[in-house]
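Enquirer: Here's a structure for you.
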């Protein structure tokens, strides 16, 4: 991913720490920006509010998006990402504890690139992140000219 930013949208501090540890353990060395609710995610992506001075051309290589977020939920964040031409092609992976079929269907309907349920066990979670890294490498290689 050419060391571009990964945007982690996660409101649970324990899940945030677990995700960051799993990324580090799998040698994913991209800069990680963490936002903690849907409004903050949208402000970051669209360079508004607290992020109004952020370079709008510096989009993240990947968004890891939780569904259960305060203020604006993850499905709505995904819908807005796909609706805007500046962000429509960003890689978005839903990373959630939800096992509800309706959440998976909504996520895929609105254009998530992948849907990953967070395993409770750290070892399983680390393995899932490793597979995520492999997925990103393959997707990235396939999209290069």
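In this note's numbering, the protein residues as written are 122 to 266.
Ideal placement from N, C-alpha and C gives every residue a C-beta, glycine not left out.
Near residue 231, which residues of its chain fall below 7 angstroms by C-beta distance, leaving aside the five closest residues on each side in sequence?
Expert: Taken in chain order, the residues that qualify are 196, 199, 200, 203.
Enquirer: Can you give the Cα-Cα distance for residue 208 and residue 245, rounded to whole angstroms?
Expert: So the alpha carbons of these two residues sit roughly 31 angstroms apart.
Enquirer: Just to confirm, are residue 214 and residue 228 a CB contact at a threshold of 7 angstroms?
Expert: No; because the gap between Cβ atoms is not below 7 angstroms, this pair is not in contact.
Enquirer: Between the segment 176–191 and the segment 153–161, do three or more beta carbon pairs fall short of 8 angstroms?
Expert: Segments in contact, yes.
Enquirer: Thinking just about the alpha-carbon of each residue, which of 180, 224, 186 is nearest to the one in residue 206?
Expert: The shortest C-alpha separation from residue 206 is found at 180.
Enquirer: In the DSSP output, what is residue 185 paired with across the bridge?
Expert: 129, 214.
Enquirer: Would you mind working out which of 132, 173, 144 sits nearest residue 248, comparing C-alpha positions?
Expert: Considering only alpha carbons, the answer is 144.
Enquirer: Whole angstroms is fine: what's the gap from residue 76's alpha carbon to residue 139's?
Expert: Examination of residue 76 is not possible in this model, given that the chain is present from 122 through 266 alone.
Enquirer: Among 234, 242, 185, which residue has its Cα nearest to the Cα of residue 131?
Expert: When only C-alpha atoms are compared, the closest one is 185.
Enquirer: Under a Cβ-count criterion, where at least 16 other Cβ atoms within 10 Å of its own Cβ denotes burial, should residue 152 be classed as buried or exposed?
Expert: It is exposed - the Cβ of residue 152 has fewer than 16 other Cβ atoms within 10 Å.
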